[in-house]
Amino acid sequence: MAVTPRTFDRTSNQWKDGVTAFYRCAAWRTLAEHVADSLSKGSRVVANGRMRQHDWTTDQGEKRSMLAVEIDDIGASVRFATVTINAKRIAPGGPAGDDAWASTGGAESTEPPF
């Protein structure tokens, strides 16, 4: 995921892009499948998760570490776009939890998502 802050420069009367930060992200199981089916490179997203540090030692004995965001929930941002949701009911105790809904890209359900 790339994050680029923007600020308005009053002297030039233009928006200026700041330095882009890149974050490694991980999504698992059904969430990962839904991300792959629903989002593409360049999509504006809103993500919720935890930053985790991963440490390891290379075969040469060097200690390494990296940060990654473990995604709990992610979706398309509707600030500059509209989104159509195709929801499918997941059985209680299914991969998204008890009595949950998930975006599947399939046919739209007649039941409300609440």
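Residues in the sequence shown are numbered from 22 upward in steps of one, following the numbering used here.
Glycine included, C-beta positions come from ideal geometry on N, C-alpha and C.
Being a predicted model, the structure only gives us computed values, none of them experimental.
How would you call residue i, buried or exposed, if buried means at least 16 neighbouring beta carbons within 10 angstroms?
| i | result |
| --- | --- |
| W36 | exposed |
| P26 | exposed |
| V56 | buried |
| A48 | buried |
Please name the residue or residues paired with residue i in a DSSP beta bridge.
| i | result |
| --- | --- |
| T78 | K84 |
| D38 | R27 |
| V66 | A97 |
| I106 | Paired residues: none, contrary to the question. |
| A53 | In DSSP, A53 forms no bridge with anything. |
| M8 | With the chain represented from 22 up to 135, any question about residue 8 goes unanswered, as that position is not in the structure. |
| A48 | For A48, which the question treats as bridged, DSSP gives no partner whatsoever. |
For residue i and residue j, which I take to be in contact (beta-carbon distance under 8 Å), what is that distance rounded to the nearest angstrom?
| i | j | result |
| --- | --- | --- |
| R65 | A102 | 7 Å |
| T32 | G39 | Going by Cβ atoms, the distance from T32 to G39 rounds to 16 Å, so no, they are not a contact pair. |
Return yes when the Cβ of residue j is within less than 8 Å of the Cβ of residue i, no when it is not.
| i | j | result |
| --- | --- | --- |
| L60 | A97 | yes |
| A89 | R50 | no |
| I106 | A68 | no |
Do you know offhand how far residue i's Cα is from residue j's?
| i | j | result |
| --- | --- | --- |
| S86 | T41 | 21 Å |
| H75 | D94 | 21 Å |
| D30 | V104 | 31 Å |
| W77 | R71 | 19 Å |
| R100 | F43 | 21 Å |
| K84 | R73 | 17 Å |
| G82 | N34 | 53 Å |
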